[in-house]
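Residue numbers (the numbering used here), protein chains in the order written: chain A, 106 to 318; chain B, 106 to 318; chain C, 106 to 318; chain D, 106 to 318; chain E, 106 to 318; chain F, 106 to 318; chain G, 106 to 318; chain H, 106 to 318.
Note that beta-carbon positions come from the ideal geometry of N, C-alpha and C, so glycine has one too.
Model, not experiment: these values are computed from the prediction.
8 protein chains.
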Amino acid sequence: GFAKVDHHRELRQGYPEVIYCAGKTPEQVQSIVEAMISRGSNIIGTRADETMFNVVKEICDKAIYHKSCKMITIENHKITLTNSYIAVVTGGTSDIPVAEEAAITAEILGNKVERVYDVGVAGIHRLFDKLDIITGAKVVIAVAGMEGALASVLGGLVSKPVLAVPTSVGYGANFGGLAALLAMLNSCASGTAVVNIDNGFGAGYMASIINQL
Amino acid sequence: GFAKVDHHRELRQGYPEVIYCAGKTPEQVQSIVEAMISRGSNIIGTRADETMFNVVKEICDKAIYHKSCKMITIENHKITLTNSYIAVVTGGTSDIPVAEEAAITAEILGNKVERVYDVGVAGIHRLFDKLDIITGAKVVIAVAGMEGALASVLGGLVSKPVLAVPTSVGYGANFGGLAALLAMLNSCASGTAVVNIDNGFGAGYMASIINQL
Amino acid sequence: GFAKVDHHRELRQGYPEVIYCAGKTPEQVQSIVEAMISRGSNIIGTRADETMFNVVKEICDKAIYHKSCKMITIENHKITLTNSYIAVVTGGTSDIPVAEEAAITAEILGNKVERVYDVGVAGIHRLFDKLDIITGAKVVIAVAGMEGALASVLGGLVSKPVLAVPTSVGYGANFGGLAALLAMLNSCASGTAVVNIDNGFGAGYMASIINQL
Amino acid sequence: GFAKVDHHRELRQGYPEVIYCAGKTPEQVQSIVEAMISRGSNIIGTRADETMFNVVKEICDKAIYHKSCKMITIENHKITLTNSYIAVVTGGTSDIPVAEEAAITAEILGNKVERVYDVGVAGIHRLFDKLDIITGAKVVIAVAGMEGALASVLGGLVSKPVLAVPTSVGYGANFGGLAALLAMLNSCASGTAVVNIDNGFGAGYMASIINQL
Amino acid sequence: GFAKVDHHRELRQGYPEVIYCAGKTPEQVQSIVEAMISRGSNIIGTRADETMFNVVKEICDKAIYHKSCKMITIENHKITLTNSYIAVVTGGTSDIPVAEEAAITAEILGNKVERVYDVGVAGIHRLFDKLDIITGAKVVIAVAGMEGALASVLGGLVSKPVLAVPTSVGYGANFGGLAALLAMLNSCASGTAVVNIDNGFGAGYMASIINQL
Amino acid sequence: GFAKVDHHRELRQGYPEVIYCAGKTPEQVQSIVEAMISRGSNIIGTRADETMFNVVKEICDKAIYHKSCKMITIENHKITLTNSYIAVVTGGTSDIPVAEEAAITAEILGNKVERVYDVGVAGIHRLFDKLDIITGAKVVIAVAGMEGALASVLGGLVSKPVLAVPTSVGYGANFGGLAALLAMLNSCASGTAVVNIDNGFGAGYMASIINQL
Amino acid sequence: GFAKVDHHRELRQGYPEVIYCAGKTPEQVQSIVEAMISRGSNIIGTRADETMFNVVKEICDKAIYHKSCKMITIENHKITLTNSYIAVVTGGTSDIPVAEEAAITAEILGNKVERVYDVGVAGIHRLFDKLDIITGAKVVIAVAGMEGALASVLGGLVSKPVLAVPTSVGYGANFGGLAALLAMLNSCASGTAVVNIDNGFGAGYMASIINQL
Amino acid sequence: GFAKVDHHRELRQGYPEVIYCAGKTPEQVQSIVEAMISRGSNIIGTRADETMFNVVKEICDKAIYHKSCKMITIENHKITLTNSYIAVVTGGTSDIPVAEEAAITAEILGNKVERVYDVGVAGIHRLFDKLDIITGAKVVIAVAGMEGALASVLGGLVSKPVLAVPTSVGYGANFGGLAALLAMLNSCASGTAVVNIDNGFGAGYMASIINQL
Ligand SMILES: Nc1ncnc2c1ncn2[C@@H]1O[C@H](COP(=O)(O)O)[C@@H](O)[C@H]1O
Ligand SMILES: Nc1ncnc2c1ncn2[C@@H]1O[C@H](COP(=O)(O)O)[C@@H](O)[C@H]1O
Ligand SMILES: Nc1ncnc2c1ncn2[C@@H]1O[C@H](COP(=O)(O)O)[C@@H](O)[C@H]1O
Ligand SMILES: Nc1ncnc2c1ncn2[C@@H]1O[C@H](COP(=O)(O)O)[C@@H](O)[C@H]1O
Ligand SMILES: [Mg+2]
Ligand SMILES: [Mg+2]
Ligand SMILES: [Mg+2]
Ligand SMILES: [Mg+2]
Ligand SMILES: [Mg+2]
Ligand SMILES: [Mg+2]
Ligand SMILES: [Mg+2]
Ligand SMILES: [Mg+2]
């Protein structure tokens, strides 16, 4: 067919291909899922709308739709969670959809996840209140829009790897997330690396690799 | 002559014109200073190199050169300092030249100034150690390069106006200070306003107006 | 719940947290308002649509919707206005929504406000006609799109702090407000500082702090 | 040779080709001048350094070097000036080199020129003092860096065509003249058109065409 | 009311204020038109939608809607056309709406206009076929999107002032008209000046001033 | 009429004008097609919606609509295909619409085309599986969004000309295809040239010229 | 050693690896040349300064330095030229260094080259004078800075593939060649593809592949 | 003194503060080193020039200068290396200085490092030759300029975390490393995160944290 599903990836990288649904037709999504199910893989579809979910649901009853972050997941074989955990932290309430994409990705890949939401630097005492949970994690994901300062503050406080996810939350001179992206790339705190704007999936996936090293 | 010094400004705004020396010849700087001295004004020249200072020194013995921030000042009449003070805070050591431009501007305009340098978010406990001095100020100037997170953190901690000065300190995706500028403009902490990249002078001047309201 | 409302802010900064409604669900907005009302705080919600207002109205009869600038306000305790006032000035008619966000923010925070609208530099005599009102203010907010020259002209005429708000009004090479933003940051008039594009709220809040110093 | 001098241009457009010296070797400049002299044309070379001038001087005694704006001119036949004049106005002293490029270009093309320098909007009364000279012109050239507000203010005050020249004067978020360029393109005053950053030559040439229509 | 119509402009600049309808409510447009009609001025409204036109039509029967370029015009007093004419030239068919905005603006301001459409450089012989009309004009307006080469080609062929209007026609790396804008600003042909992207009005207005000098 | 169809182009360049339908009215598209049909040319219309197709179908029964890439084609005279072929390769499934624009353009211009889709560098073995088809081509078109690495990898593997087409597939810091565009322009593999973002048509046309040299 | 010279490339692509000297030490350049000479390959080094050339000359007497374009070439085995030729065309004199990089690259790769320099659109008749040479070529390379209109004009006139090379010649809003790059990418003339700014080498290499298909 | 060295960091994060020497005076660097030596910490100084090294050498004999990457290191206490290793991979020879900054940072922090240089995608077989070393690493650092495709190719081949470092190697439309940065952020291969342009230090530090988890 039109798509060459990368079945080999599970061998090569331990995880099967993840479906980026944006820009595909529902039929294309359905047929890729079909090809992967026949192999018994667990399945992740990101940036999926409800129409896509419905056609997937038709061929696979176990499919679940995570509305807040527009993900489809299918748990074909049981997932055992790690003991160590990944902390997913957000600056504000509006960053939650991106954070959920990270958290659910990490969970389906077998990681324990702790969510610490709405603790941004405008009221930094909220962050200190939760510092125990954050410093207890093996990997920290920092999700923030606007000026993205959360990543630098966390990077300065914890000794674990911090994965920074800039979000497009904000307006005007945030230029669709560019402000947070540049801020995170220029973090003066060492031990931070950055993924694409709104790329919760990428952060969750990277965190999972590190957590399971 | 070539320049129309705005002598009227002292009446209109309480302070005389400030000389932006970059892009002028030493002769032009000298002749502008000459015209202003004859009025008895205190004088500020920013972005001046040593050649400019030397020709100014020739015609005015009181001229002082502030090497770290490339300013010329002339105190023609005695300056009385305010009781309330302006706190000038920097993220790192490399931001000091811009901070000094702000501090010296504020001082020659008659303000008491407290310097709190090298307390950026990579080691945030250093900031908390100095929080008393900062919260005691009537106006706070936050000078930071790289990701500029200092402004947001301060904005969330103090109840006084915070003037944020992005600096061009950094490299790569800081794009000459753009990263810090955008971060500061998108600060999620209220009570912050921003001046141009490396514009210590502008922050010092604005802080002075507010401090003397 | 999902949000950690920063109740501590009222103590720390004199004002409670302001709700940025964009990107939140109506339910989230409602539940944040609920948590804050129980403390008796006055409430400001920015960038709210009518659906959000309706669910807030359900739980709080005093809620008011300011259609022109998409704000929700709730006056839980009586506001006493300052004697000194903030002048909110716009270049054109199309800048009024942003100006109203600034003005209403300032008013609910207890400041007297004077509005001077549609006096941009294309017909500068209109500005001179109103100069008395403007120079009488303790703080001036200059709201302008397109080339944003209003801020520089005001900065050169008044001795009070000028807070410049670039708007996204315009098209083509205004790049969503970038033209006005850059112009305002590069203002050759001293005594000006800038907030984010279309950030009337931020200017109103900062002006309030300064007016009440 | 390497260059195909456009001798035909004098017929087609009334003026011969102008030599853009930047990026050429002194030998190339010399040999182009040589080819043009043999036709008796008046000659303009822009962005020329002193080495270029020296080799030109060797083959043509009448050559003049305008140091402030790095131009070479050769008056091979007598220039008669127009009665109407072009006003060249600058915001600051640092914009003078660009203004001189415009003024000298206009003069060698046979136009009377009036210079009105250092009258920018930071001290707008200086502009009003000179308004007679400016409104008396047939074409106005507005040269300004930083936020470029001068063009909008002039555009709102005069009924003649205003040619706006953004300069790279400034620093930080002026991004090499981009701030002034965007401001001038977005001018809310009608009757304004813009040339490239620092392109005094282009403005002088265009003004000359209009003045001699 | 909310708007300060600049009635004085007709005296100062020979033409009344032009209404930029984008971002205004239909009521605001109507009330501005009302204020201007009472003075007997001819009226131009740009970027108006049909709803705006309908409310204007209610109060003024003479109002005309130019659908292709979304303009409202009202001819309150008879317009006499100039003898000399303005040529409005486009690169492609898709540039016509912007060209019409220029042409109709010029016409209501009393200028004779010749339209030469769809003669872009992809088939340059089409341009040469029409060269007589173009070189016969007193002012040339060059309207082009994509790479905007038309302006440079015209600038090299005619001896009259060329006003270049970049359009947002195109996709991908045209970045909303930026490609054509930059190309036109960097034209190697002298005698060209540029207005904002899609700003047909500005070009028509400027051309009218020049044509009537 | 409004459009000057470039009939001469077939003589000059071997192919008739191609209709860029975006920004035209259905009537304009129809009337251009009409003028071209009368000459017996094969016709290509790009970026056409179904309404445009319907009005074209009314006047020409042979018209075909290619939904995936929004093209209209009319085969007025029989097309004989070349022996050598063009390989059209994509990184992912979401790049297929752009690839189809290239493939169909090439086919109607008389070229044999081989499609190799969804073989991007995330699973590079898929590319090696198809290397025979790719290296057998006379020209290769590499269509990819996101980071556009496909072009560089192909450029390093094949000895034939590679035409790179960046697509706008992706989000966040892909900035509408800019990431892939810049990557392709900076390819460290020689033998690559680039067309505009999403410009499948341009690549198909260029490939056709090369294939038929 | 530090570098892994890609000797395999000659087999795979018909040409050996080309040395990009910028950012390498003279010793590194020398040692790479040494490794390649031992295989008897012809050698191309781009962006080399004279120091690099001198150390290469030490180990290889046949090395030639092309000063105008900073290239080192070594002809280890005799080059036979093609019958068909590549035309290298420039807009101005200042574009010649980039054009020479293209021409010399093409020549050492065995292609006949015709140079047509300084025929840009400011004096388009110069281009028409040389049209015979240009249309006689099998591939055309169009090298232009400033607004880069040359590529579009050539693309509209010839039926052969046009490779466009934007140069960084110009100033201000050319942003280091961005203006010409965007213009060339958006060319409305079909049959054009683009290489990186100032990348004469890339164009010469690509042209060679096409010319020798 | 001027700097508040973050001695607490060693406790908090396991490593002491790293000195960013750019923008500091030699005296400042010396005095920071002095303060840190007295604590017995190992010391890293990045972006140091030889003058800085000389003054450091004066007070500490053990100081070593790594010329290729401009680093100063001081080994005050013995470093024991990890068993697992970090692979540092570069696309070309010109990327080596950035790679060395990463490698040396990792080594002084106690990690075994394997260097795999000059294996970029232009000759991808060189990468496959070294795949064993790369897949054997616990963390992979991918250093590449130009189009940065190396990171995506590695991300698709290995199952370990890939830290991507864009370099400023290249010219023209690489815009100082922006091209590689955007490409790496948009990598379609999962398991990749990005640091700032040329930030070898940041990648080495992050890799060390992960390697020692
Ligand atoms: N219109 C606005 N523009 C910028 N910041 C705002 C605005 N409205 C509220 N805020 C700030 O946004 C923060 C709330 O973010 P969140 O936690 O996502 O609700 C608060 O700290 C406010 O100070
Ligand atoms: N080359 C580098 N790139 C980015 N950050 C660095 C570099 N070298 C040191 N740093 C960080 O910069 C901070 C020091 O900034 P400063 O106070 O200005 O010396 C430290 O926290 C380091 O973690
Ligand atoms: N999809 C496309 N992308 C870029 N150029 C195109 C496309 N389709 C057609 N063209 C070119 O656009 C020109 C037509 O422009 P216009 O006169 O506005 O119809 C023709 O010369 C075509 O070569
Ligand atoms: N300072 C300048 N800015 C812009 N264009 C110029 C300038 N000086 C000369 N020119 C134009 O540059 C063209 C010459 O380019 P070239 O063939 O490279 O010498 C002429 O057509 C002039 O009209
Ligand atoms: Mg919150
Ligand atoms: Mg420090
Ligand atoms: Mg108005
Ligand atoms: Mg001045
Ligand atoms: Mg057409
Ligand atoms: Mg795929
Ligand atoms: Mg020339
Ligand atoms: Mg190499």
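Is it right to say R144 of chain G is buried, meaning 16 or more other beta carbons lie within 10 angstroms of its own, or is it exposed?
Answer is exposed; the Cβ neighbour count stays below 16.
In or out: K172 of chain D buried (at least 16 other Cβ within 10 Å) or exposed?
By the neighbour-count rule (16 or more Cβ atoms within 10 Å), K172 of chain D is not buried but exposed.
Would you check if the distance between the CB atom of I179 of chain C and the CB atom of I142 of chain C is smaller than 9 angstroms?
Result yes, Cβ atoms of I179 of chain C and I142 of chain C sit closer than 9 angstroms.
Less than 9 angstroms between the C-beta atoms of D223 of chain B and G241 of chain B, yes or no?
It is not a contact, given that the beta carbons lie outside the stated cut-off.
Can you give me the Cβ contacts of V274 of chain A inside the same chain, cut-off strictly under 6 angstroms, excluding the 5 residues immediately before and after it?
Same-chain partners within the cutoff: S199, D200, G250.
Under the criterion of a Cβ to heavy atom distance below 8 angstroms, does V110 of chain C qualify as lining ligand 5?
Yes.
If you drop the 5 nearest sequence neighbours on each side, which residues of the same chain put their C-beta closer than 7 angstroms to that of T185 of chain E?
G215.
So what does Y125 of chain F bridge to, in DSSP terms?
The partner list for Y125 of chain F (beta bridge, DSSP) reads F:T151.
E132 of chain B: CB within 8 angstroms of a non-hydrogen atom of ligand 9:
No.
Quick check on A207 of chain B - is its C-beta less than 9 angstroms from some C-beta in chain H?
A207 of chain B does not count as touching chain H.
Nearer than 8 angstroms: is that true of the beta carbon of D223 of chain E relative to any heavy atom of ligand 9?
At least one heavy atom of ligand 9 is nearer than 8 angstroms to the Cβ of D223 of chain E, so yes.
In this structure, how does DSSP classify K183 of chain A when only helix, strand and coil are distinguished?
Three-state result, K183 of chain A: coil.
Who are the neighbours of A247 of chain E on chain G, taking C-beta pairs under 7 angstroms?
In chain order: nothing, as chain G lies at least about 12 angstroms away.
H230 of chain C: contacting residues in chain E (beta-carbon distance under 7 angstroms):
For the C-beta of H230 of chain C, the chain E residues within less than 7 angstroms are, from N- to C-terminus, H113.
Flag A278 of chain E as yes if its beta-carbon sits less than 9 angstroms from any beta-carbon of chain F, otherwise no.
It does: the Cβ of A278 of chain E has a partner Cβ on chain F nearer than 9 angstroms.
Cβ-based neighbour list, T195 of chain G, same chain, cut-off 7 angstroms, excluding 5 preceding and 5 following
Only I201, A204, Y222, D223, V248, A249 meet the Cβ criterion.
Compare the C-alpha of E212 of chain G against each of G:K183, G:I239, G:L236, G:I238 and name the closest.
Comparing Cα-Cα distances from E212 of chain G to each of G:K183, G:I239, G:L236, G:I238, the minimum goes to G:K183.
Would you tell me roughly how many angstroms separate the C-alpha atoms of N316 of chain B and K243 of chain B, rounded to the nearest one?
Distance between the alpha carbons of N316 of chain B and K243 of chain B: 6 angstroms.
Chain-order list of residues whose beta-carbon lies under 7 angstroms from that of G225 of chain D (same chain, five-residue window excluded)
Here G225 of chain D has G196, G197, A249, L255 as same chain residues with Cβ atoms under 7 angstroms from its own Cβ, once five neighbours each way along the sequence are excluded.
Listing by chain order, which chain D residues have their CB less than 8 angstroms from the CB of D234 of chain B?
Chain D residues near D234 of chain B: none, gap ~31 angstroms exceeds 8 angstroms.
If distances are taken between C-alpha atoms only, which option among B:A269, B:A168, B:A294 comes closest to G282 of chain B?
Answer by Cα proximity: B:A269.
At least one CB of chain E closer than 9 angstroms to the CB of Y222 of chain F: is that the case?
Interface flag for Y222 of chain F against chain E is unset, since no Cβ pair is found closer than 9 angstroms.
Check distances from the C-beta atoms of the stretch 292-304 of chain E to those of chain C and list, in chain order, the residues that come in under 7 angstroms.
Correct list: N301, I302, D303, N304.
Closer than 9 angstroms at the beta carbon, the chain H residues around M311 of chain A:
Here the neighbours are P266, V267, S295, G296, T297, A298.
Determine, using beta-carbon pairs with one atom in the stretch 288-302 of chain B and one in the stretch 259-269 of chain B, whether at least three such pairs fall under 8 angstroms.
Pairwise C-beta distances place the stretch 288-302 of chain B in contact with the stretch 259-269 of chain B, as three or more of them are shorter than 8 angstroms.
Going by other Cβ atoms of all chains shown within 10 Å of its Cβ, with 16 needed for buried, is F233 of chain F buried or exposed?
F233 of chain F comes out exposed.
Exposed or buried, what is E252 of chain H when buried is set at 16 or more other beta-carbons lying within 10 Å of its beta-carbon?
Classification of E252 of chain H: buried, given that the 10 Å Cβ count is 16 or more.
6 angstroms CB neighbourhood of G150 of chain H in its chain, flanking five on each side removed:
Once the five neighbours on either side are set aside, the close Cβ partners of G150 of chain H are I124, C126, I177.
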